[in-house]
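This note's numbering applies: residue 5 is where the sequence shown begins, and numbers increase by one. All residues carry an ideal CB built from backbone N, CA and C; glycine is no exception.
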Amino acid sequence: MKTIALIFSLPALVLSAEEPDADVGAKMAEHQEGSNKLSERQDELAADVQQLIIEQTNAKVIELLEGVEDAMDEASGLLLDRNTGGETIAAETDVIERIFEAAKERQKQSGGEGKASGAMLDMMQEMMGQGKPEEKPGDQKGQQPGDKGGEGQTGDSDSANSKDGGTSGTKVEERRVPKASGKAGEGIPREFQDALDAYNRDAEKLAK
């Protein structure tokens with residue numbers, strides 16, 4: 005989930021770089037520093053993926069994780085070049101999708117290791133804006149009558165935001181995943197809960 009936090013950090017850097025300011029040099033230096041920090045964090049995540057690859061025994065899962073590592077390397081290179089625009093956001097989104105596919109394959113190969121794995125995949129899917137597995141596009145409730153929910157006059161639905169980095173005009177919107185607590189968090193692995201907490205901390209920083 006740290007990768008997701010990186011994606012939400014990118015629009016803030018883009019806006020910082022585009023804001024008109026007399027001190028253009030200072031703004032450029034700030035943008036460069038932020039981009040370099042994100043690149044370093046991406047490298048750290050890639051190292052974590054390398055460790056995951058070592059721990060796996062299934063060839064398909066290993067192949068998918070190697071794809072994750074390659075996508076992370078691409079994103080890190082773009083960030084190092086101070087590219088925080090749509091190309092980098094797309095690369096980061098690709099990382100998340102590949103991680104999700106690897107997690108699904110890992111669960112399938114292990115026969116579905118109980119509620120913990122299911123909760124992890126469900127929450128990842130919601131964070132990617134795909135809704136819960138049992139929900140199909142257009143099945144979510146819309147504001148006006150239509151053939152299916154979400155297909156009314158406005159087409160609005162309660163689904164998660166699209167993968168646009170949470171930007172609307174020039175304002176960075178706050179997108180957070182609720183902290184799991186009580187019964188809702190009992191089936192979530194500790195490492196996943198830690199990642200959620202880290203994501204929320206980054207989201208809070210962006211909202212300030």
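If contacts are defined as beta-carbon pairs under 8 Å, then residue i and residue j qualify, I think. What distance do you get, rounded to the angstrom?
| i | j | result |
| --- | --- | --- |
| ALA63 | LEU82 | Wrong, their Cβ atoms sit about 29 Å apart, outside the cutoff. |
| ARG86 | GLN36 | 6 Å |
Take residue i and list the residues in its own chain whose beta-carbon comes closer than 7 Å to its own, dropping the five residues that flank it on each side.
| i | result |
| --- | --- |
| LEU56 | LEU69 |
| MET76 | GLN46, LEU49, ALA50, VAL53 and VAL99 |
| GLU78 | ALA95 |
| ASN39 | Inspection of the sequence shows that residue 39 is occupied by Ser rather than by Asn. Result list for SER39: LEU17, LEU83, ARG86 and THR88, in chain order. |
Which two residues bound the contiguous alpha helix (DSSP H) that contains residue i?
| i | result |
| --- | --- |
| ASP52 | 28 to 59 |
Leaving out the 5 sequence neighbours to the left and right, which residues in its chain are closer than 6 Å to residue i when beta-carbon positions are compared?
| i | result |
| --- | --- |
| GLU73 | ALA50 and VAL53 |
| GLU105 | LEU68 |
| SER80 | SER43, GLN46 and ASP47 |
| GLU59 | none |
| GLY29 | none |
| GLY71 | ARG102 |
In its own chain, which residues sit with a C-beta less than 8 Å from the C-beta of residue i, not counting the 5 before and 5 after it?
| i | result |
| --- | --- |
| GLU109 | ASN62, LYS64, VAL65 and LEU68 |
| ASP27 | none |
| GLU91 | LEU82 |
CB of residue i to nearest heavy atom of the ligand ATP: below 7 Å?
| i | result |
| --- | --- |
| GLN113 | Ligands displayed in this structure: none; no statement on the ligand ATP is therefore possible. |
Fully enclosed by the segment 61 to 106, which alpha helix (DSSP H) runs are 4 residues long or longer?
Taking only runs of at least 4 residues, the alpha helix (DSSP H) segments lying wholly in the segment 61 to 106 are 63 to 84.
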